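In our numbering, the protein residues as written are 35 to 401.
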């Protein structure tokens, strides 16, 4: 056969060309292939519970069915009601923010700051200079710039973070297709892995399986740990903001948890969202200042629990990435693919680390 007569270098070239062509096809048909990719990821995340049930004596089809039944019950009793509550709070928050009068807020801000200046400054020249700097036109212009910038950042972040998922769930057929595909992925996970192994040339098969095992250990722990840590972060943040007395805590908590999937972003997003909500709730008043103090206390406590307990215990040290490497990965992922790239940055970096380490050993450790 013609292909069997090719040199190893030519065969490797054909394999690389096939991989590149497959990647191009996936990129070009992302909207169509998205449900299949989502199903693979969901199936990979749910595979450990299925294996746990198998070890308890259930056949794999019954284990998958039991997982689906448990998920359906939880969805009906918890996820759907909570999701509707979160959506309603989000809509109410948007309505309240649209009713905020920036001109009135700037007038209130200028009056309060001017009063502080009058009490703290005895020099008329200093007082007149500061009053001129705090003119109504300047404050309104600054507020407009901040509002426009915030709106653009929010729109870009939401579009980048959820664009891929929106393409996956863009039709009723996709909503039906993803659970069905995930079911088949869970049923045939081991078979899919065995078929993938057969596609690798025999000479590289051992190395490929070793790489796959290392990636599974690091990536599986990272993905499942991040999801669990984000869920706990969302629950703690929602409870803390509710105890503090901030409106829309049921909405802000899950949003902060989702943002916490990106390292270092959960706390920052909480500060920004809490600032906006507190401003719409209390205006520029002493109550607003005290609310931000309480938000800072809640955030400090939740971040401490997340940093010292959740991240080490739930996610663990399996990723083994230096903080500088994580920050670099976030910057590169964000610059290339936006917010979605930031979410995928750390998992992709873990995969690249494993592959690079294996290639290094293959190139330099052979004696």
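Where a beta carbon is used, it is the ideal one built from N, C-alpha and C, also for glycine. All figures in this text were calculated on a predicted structure; none of them were measured in a lab.
Can you tell me whether residue i is helix, strand or coil according to DSSP?
i	result
residue 255	helix
residue 356	coil
residue 294	coil
residue 282	coil
residue 199	Its pLDDT being 48, under 50, residue 199 is placed unreliably by the model, and nothing is read from it.
residue 63	coil
residue 381	helix
residue 54	helix
residue 375	helix
residue 90	coil
residue 48	helix
residue 194	Below a pLDDT of 50, predicted positions are generally treated as unreliable, and residue 194, at 47, falls in that range; the measurement from the model is reported next regardless. Residue 194 falls in the helix class under three-state DSSP.
residue 235	coil
Tell me, to the nearest whole angstrom, how far the beta carbon of residue i is from that of residue j; I am working on the premise that it is less than 8 Å.
i	j	result
residue 384	residue 260	So it is not a contact: roughly 11 Å between Cβ atoms.
residue 79	residue 258	6 Å
residue 313	residue 322	6 Å
residue 264	residue 220	Between residue 220 and residue 264 the Cβ distance is about 22 Å, and since that is not below 8 Å, they are no contact.
residue 392	residue 284	46 Å between Cβ atoms; not a contact.
residue 98	residue 217	6 Å
residue 271	residue 286	7 Å
residue 223	residue 77	6 Å
Out of the options, point me to the one whose CA is closest to residue i's CA.
i	options	result
residue 121	289, 228, 95, 371	289
residue 132	319, 310, 397	310
residue 267	362, 62, 300, 216	300
residue 379	388, 389, 365, 390	365
residue 49	234, 389, 109	234
residue 387	371, 356, 398	356
residue 359	304, 297, 91	297
residue 328	370, 317, 280, 315	280
residue 213	394, 72, 62	72
Tell me where the alpha helix (DSSP H) around residue i begins and ends.
i	result
residue 224	223-232
residue 338	320-339
residue 95	94-108
residue 301	299-316
Classify residue i: buried if its beta carbon has 16 or more other beta carbons within 10 angstroms, exposed otherwise.
i	result
residue 340	buried
residue 345	buried
residue 56	exposed
residue 51	exposed
residue 374	buried
residue 342	exposed
residue 307	buried
residue 325	buried
Flag residue i as yes if its beta-carbon sits less than 9 Å from any beta-carbon of chain D, otherwise no.
i	result
residue 269	Reference to chain D is not applicable here, since this structure consists of a single protein chain.
Within 8 Å: the Cβ of residue i and any heavy atom of the ligand MN?
i	result
residue 393	Among the components modelled here there is no ligand, and therefore nothing to report on the ligand MN.
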